[in-house]
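Visitor: Residue numbers 571 to 1236, in the working numbering, belong to the letters of the sequence shown in order. Even for Gly, the Cβ is constructed at its ideal location relative to N, Cα and C. Here you go, one structure.
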Amino acid sequence: MNVMSSERREGLVRGGLTLKENRARVLDLTAKTGHYAGLETLALKQSDPIGYEKMFSKLRGGLVHARETAKKIAASPIVEQEGELCFTLYNAAGDCVLTSTGIIIHVGTMGAAIKYMIENGWETNPGISPGDMFTNNDCSIGNVHPCDIATIVPIFWQDKLVGWVGGVTHVIDTGSVGPGSMSTGQIQRFGDGYQITCRKTGINDVPLRDWLHESQRSVRTTKYWILDERTRIAGCHMIRDLVEEVLEEHGVDHWERFAYEVIEEGRRGLQSRVKAMTIPGTYRKVAFVDVPYAHEDIGCPSAFAKIDSIMHAPVEMTINADASWRLDFEGASRWGWHTYNANQVAFTSGIWVMMTQTLVPTERINDGAYYGTKFRLPKGTWMNPDDRRTGHAYAWHFLVSSWSALWRGVSTAYYGRGYLEEVNAGNGNTSNWLQGGGINQDGEVHAVNSFETAATGTGASAIRDGLNHAAAIWNPEGDMGDMEIWELAEPLIYLGRNVKANSGGYGKYRGGCGFETLRMVWKAEDWTMYFMGNGYMVSDWGLMGGYPSATGYRFEAHDTGIARRIAAGEPLPFGADLDPDHPEYETRIDRSARVKRDHQAMTTEAVFENHDLYLNYIRGGPGFGDPLDRDPAAIEQDLNERALLPRYAASVHGAVATKVAGGRWQ
């Protein structure tokens, strides 16, 4: 017979506290003192600075090593080639101690899952024991979108929980309404795909059989799902073993002092950089993006979602004289009937993504930056919804553009202090996303999510142009991937891959250009694809006179006659869509082909037959400064490298360019 006992059991934390009591103690001390966990002095760092740094280096190196090793297990090019994974170490309170490289927004999202388990009594039901594994991708808790799957493993020492390790990968498919990891056809959570709420999915370091069977039946890309999970488990266990080595060598007291002090050091580090790099004051910036849902190519299950709307993210950034700061998003638009909403944790976690590329470019990435920042995200907005039905599958649609306002705010402060080389006009919009699925070239049920968009153009600085097709705000280790690898993963042949002319924002210093790839469907069945990005309006702004990057557009072609043209040896649409206002692709396919070329850069599933075409246009970055001040030599170079169409040399830069011998411009 099962018996419920009212007798208090000793908690899992050293000293007998429960996990919830321990977290409450940490928060209380932080609130009372203004220092994380009440640590007004960094005793360990001050008494043994070399030992402190050695422990930091060993743990940080181990996290990066685990990531680089474990990703080789994955079959998905998203993980293995693009590096869409991250491993993070947490203390017993669920706060991040250190993290690896990679998609570091998940410092916050995995921490939110751990804190959810702590606050909701997972300690007693279902219980937390050595060897347990938990899986989470629930956006209501704090995940960005369901395709980011996290495996979380507790770390025990002498029967007490002393930490956690989490690993996350971006999977190809979640079994949502449409194929691919970030579908657009649904308008509520209930179509976003398979969602798991901190479920215990493993015992004694072995995944549970019911979990394995259920999860594999819930997604389209089973083999990728299996190997992604093994990637996460392997990395988590490598890190757990490393922490156990540290505990064996230094003792649990030493570990716990470090695991809390390093977070307070991170908070102070942010404050120190704010003081050194910025000017106290109030900075106001804004961001927008289009949601064009009234179009006939948006198929929604509910008529009330068929409206055109604009998402809005105004930010007031206040930097105080004591180097504390506050980010206030009062006035942001409400959540919407689409999949572009974001949990508040997903939104605030972007601070790690942005800060590590600008304000705090160090290896000490932890929750200190979070405790050093005050946020105001009004309830009911798209970044803090008050309705549990909200869809989040493509939360990145506006996350990336809303953060561009922060880049511009911080960069304005840098400029005022004279740190011109640190100025960035803003991040590019990481789109288009080529997604879809059906039966692939190997006869398997499949889904695709091209991560070529991991290499957008970057924003210009106050002293140089942005980088062409180089990075993404959510993963600064930008990589467009090898064509040969994408062709193995997708039934889509490359007919071209080129730098996209005019995609970078104009300015004294040009934003980095994006690029484009033309894909032809080959050996697929029941194949569908869709477009995802901004099209009717710019979603980033230049800085100090610089222009935003170009908006997106779509090109798709059906009934192209390419099979006949290949057999007849006729010209094919190879290469770039150099000038969309004077298109050439249409001259190399049959005149009877059905072509869609417009600014409807957001669509839902459409059928693509073999030999149909899809243009994947990856955006550029915004520019800095007045375009009339651009160096004529730089304009020449832009023209000769096809970064700028000739007619814009005069209309934008006021420059007269002529072609000389050899076809070069000067």
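Go through its chain and collect everything with a Cβ distance to residue 896's Cβ below 6 Å, but skip five positions before and after it.
Guide: By one-based count along the sequence shown, residue 896 stands at place 326. Around residue 896: 888, 944.
Visitor: In three-state DSSP terms, what is residue 962?
Guide: For this step, residue 962 is matched to residue 392 along the sequence shown. Residue 962 falls in the coil class under three-state DSSP.
Visitor: Per DSSP, which residues does residue 1086 bridge with? Please list them.
Guide: Position 516 of the sequence shown holds residue 1086. According to DSSP, residue 1086 bridges with 1068, 1187.
Visitor: Is residue 625 helix, strand or coil when you go by DSSP?
Guide: For the purposes of this step, residue 625 is taken as residue 55 along the sequence shown, with counting starting at 1. Helix, per DSSP.
Visitor: Would DSSP call residue 1063 helix, strand or coil?
Guide: Counted from its first residue, the sequence shown places residue 1063 at position 493. Residue state, collapsed to three classes: strand.
Visitor: Locate the alpha helix (DSSP H) running through residue 617, then write down its first and last residues.
Guide: Along the sequence shown, one-based indexing puts residue 617 at 47. 613-617 is the extent of the alpha helix (DSSP H) around residue 617.
Visitor: Can you list, in chain order, the residues of its chain with a C-beta nearer than 7 Å to that of residue 1143? Leave out the 5 residues immediately preceding and following it.
Guide: On the sequence shown, residue 1143 is found 573 positions in, with the first residue counted as 1. Once the five neighbours on either side are set aside, the close Cβ partners of residue 1143 are 1065, 1088, 1155, 1158, 1159, 1183.
Visitor: Classify residue 1095 as helix, strand or coil using the three-state DSSP reduction.
Guide: By one-based count along the sequence shown, residue 1095 stands at place 525. Residue state, collapsed to three classes: strand.
Visitor: Would you list the residues sitting across from residue 853 in a DSSP beta bridge?
Guide: Numbered from 1 along the sequence shown, position 283 holds the residue referred to as residue 853. According to DSSP, residue 853 bridges with 887.
Visitor: Tell me whether residue 1045 sits in a helix, a strand or coil according to DSSP, three-state version.
Guide: In the sequence shown, counting from the first residue as 1, residue 1045 sits at position 475. It is a strand residue.
Visitor: Just reading off the beta strand (DSSP E) that residue 704 is part of, what are its end residues?
Guide: Residue 704 sits at position 134 when you count from the first residue of the sequence shown. Note, residue 704: beta strand (DSSP E), 703-706.
Visitor: Can you give, in chain order, each stretch of the beta strand (DSSP E) that sits fully within the segment 722-762 and has at least 3 residues?
Guide: Segments of the beta strand (DSSP E) lying fully in the segment 722-762: 730-740.
Visitor: Distance check for residue 685 and residue 665, CA to CA, integer angstroms please.
Guide: Residue mapping note: residue 665 aligns to position 95 of the sequence shown, counting from 1. Residue mapping note: residue 685 aligns to position 115 of the sequence shown, counting from 1. Residue 665 and residue 685: Cα-Cα distance of roughly 8 Å.
Visitor: Whose CA, out of 621, 761, 1236, lies closest to the CA of residue 961?
Guide: Your numbering for residue 961 matches position 391 in the sequence shown. The candidate whose alpha carbon is nearest that of residue 961 is 761.
Visitor: With a threshold of 16 other CB atoms inside 10 Å of the CB of residue 575, please say whether the residue is buried or exposed.
Guide: To locate residue 575, count along the sequence shown from 1; it is residue 5. Low local confidence applies: a pLDDT of 44 at residue 575 is under 50, so the model's placement there is unreliable, with the coordinate-based value given in what follows. Flag for residue 575 reads exposed.
Visitor: Using three-state DSSP, classify residue 571 as helix, strand or coil.
Guide: On the sequence shown, residue 571 is found 1 positions in, with the first residue counted as 1. With a pLDDT of 37 at residue 571, under the threshold of 50, the predicted position of this residue should be treated as unreliable, though the coordinate-derived value follows. In the structure shown, residue 571 sits in coil (DSSP, three-state: anything other than H, G, I, E or B).
Visitor: Just checking, does the segment 1128-1140 make contact with the segment 1046-1061 on the three C-beta pairs under 8 Å criterion?
Guide: Too few Cβ pairs lie closer than 8 Å, so no.
Visitor: Would you say the beta carbon of residue 669 is closer than 7 Å to some non-hydrogen atom of the ligand FMN?
Guide: As far as ligands go, the structure on display features none, and thus does not contain the ligand FMN.
Visitor: Quick check on the DSSP output: the alpha helix (DSSP H) that includes residue 828 runs from which residue to which?
Guide: Here residue 828 is taken as the residue at index 258 of the sequence shown, counted from 1. Run containing residue 828: 822-847, per the alpha helix (DSSP H) assignment.
Visitor: Would you kindly check if the distance between the Cβ of residue 589 and the Cβ of residue 583 is under 8 Å?
Guide: In the sequence shown, residue 583 corresponds to position 13, counting from 1. In the sequence shown, residue 589 corresponds to position 19, counting from 1. Yes, these two residues count as a Cβ contact at 8 Å.
Visitor: Could you pull the start and end residues of the beta strand (DSSP E) that residue 944 belongs to?
Guide: To locate residue 944, count along the sequence shown from 1; it is residue 374. Segment 943-946, the beta strand (DSSP E) holding residue 944.
Visitor: I want to know whether the segment 708-726 touches the segment 911-921 - three or more CB-CB distances under 8 Å.
Guide: A contact exists between the segment 708-726 and the segment 911-921.
Visitor: Would residue 836 and residue 937 qualify as a contact pair, given that the criterion is a beta-carbon distance under 8 Å?
Guide: In the sequence shown, the residue the question calls residue 836 occupies position 266. In the sequence shown, the residue the question calls residue 937 occupies position 367. Going by C-beta atoms, residue 836 is nearer than 8 Å to residue 937.
Visitor: Inspect the beta-carbon positions of residue 1102 and residue 964 and report whether they are closer than 8 Å.
Guide: Within the sequence shown, residue 1102 is the residue found at index 532, counting from 1. Within the sequence shown, residue 964 is the residue found at index 394, counting from 1. Yes.
Visitor: Bridge partners of residue 1176, per DSSP?
Guide: Within the sequence shown, numbered from 1, the residue matching residue 1176 stands at position 606. BP columns for residue 1176 point to 1099.
Visitor: Could you check whether the segment 918-926 touches the segment 665-678, counting it as contact only if at least three pairs of C-beta atoms, one from each stretch, sit closer than 8 Å?
Guide: Yes: at least three Cβ pairs fall under 8 Å.
Visitor: Figure out for me which residue from 1166, 807, 781, 689 has the closest Cα to the Cα of residue 734.
Guide: Here residue 734 is taken as the residue at index 164 of the sequence shown, counted from 1. Nearest of 1166, 807, 781, 689 to residue 734, Cα basis: 807.
Visitor: Less than 8 Å between the C-beta atoms of residue 798 and residue 646, yes or no?
Guide: Against the sequence shown, residue 798 aligns to sequence position 228. Against the sequence shown, residue 646 aligns to sequence position 76. Their beta carbons are under 8 Å apart, which means residue 798 touches residue 646 by this criterion.
Visitor: Would you decide whether residue 573 is buried or exposed? Buried here means 16 or more other CB atoms lie within 10 Å of its CB.
Guide: Reading the sequence shown from its first residue, position 3 is the one you call residue 573. Since pLDDT at residue 573 reaches only 39, below the 50 mark, its modelled position is unreliable, and no value is offered.
Visitor: I want to know whether the segment 745-756 touches the segment 770-778 - three or more CB-CB distances under 8 Å.
Guide: No, because fewer than three Cβ pairs between the segment 745-756 and the segment 770-778 fall closer than 8 Å, the two stretches do not touch.
Visitor: To the nearest angstrom, report how far apart residue 689 and residue 591 are at their CA atoms.
Guide: To locate residue 689, count along the sequence shown from 1; it is residue 119. To locate residue 591, count along the sequence shown from 1; it is residue 21. Going by the C-alpha atoms only, they are around 9 Å apart.
Visitor: When you compare only the Cα positions, how much space is there between residue 1179 and residue 1097?
Guide: Here residue 1179 refers to the residue found at position 609 of the sequence shown. Here residue 1097 refers to the residue found at position 527 of the sequence shown. Roughly 7 Å between the two C-alpha positions.
Visitor: Just to confirm my understanding: we take residue 951, look at its own chain, exclude 5 residues before and 5 after, and list those with CB closer than 8 Å. What are they?
Guide: Numbered from 1 along the sequence shown, position 381 holds the residue referred to as residue 951. Taken in chain order, the residues that qualify are 899, 902, 903, 904, 905.
Visitor: In the structure shown, what three-state DSSP assignment does residue 655 receive?
Guide: As a first step, residue 655 is located in the sequence shown; it is residue number 85 there, counting from the start. Residue state, collapsed to three classes: strand.
Visitor: How far does the beta strand (DSSP E) with residue 591 in it reach, from first residue to last?
Guide: Translated into the one-based positions of the sequence shown, residue 591 becomes position 21. From DSSP, residue 591 is part of no beta strand (DSSP E) but of the alpha helix (DSSP H) over 589-603.
Visitor: Go ahead and pull the three-state DSSP assignment for residue 1214.
Guide: One-based indexing of the sequence shown puts residue 1214 at position 644. Residue 1214 falls in the coil class under three-state DSSP.
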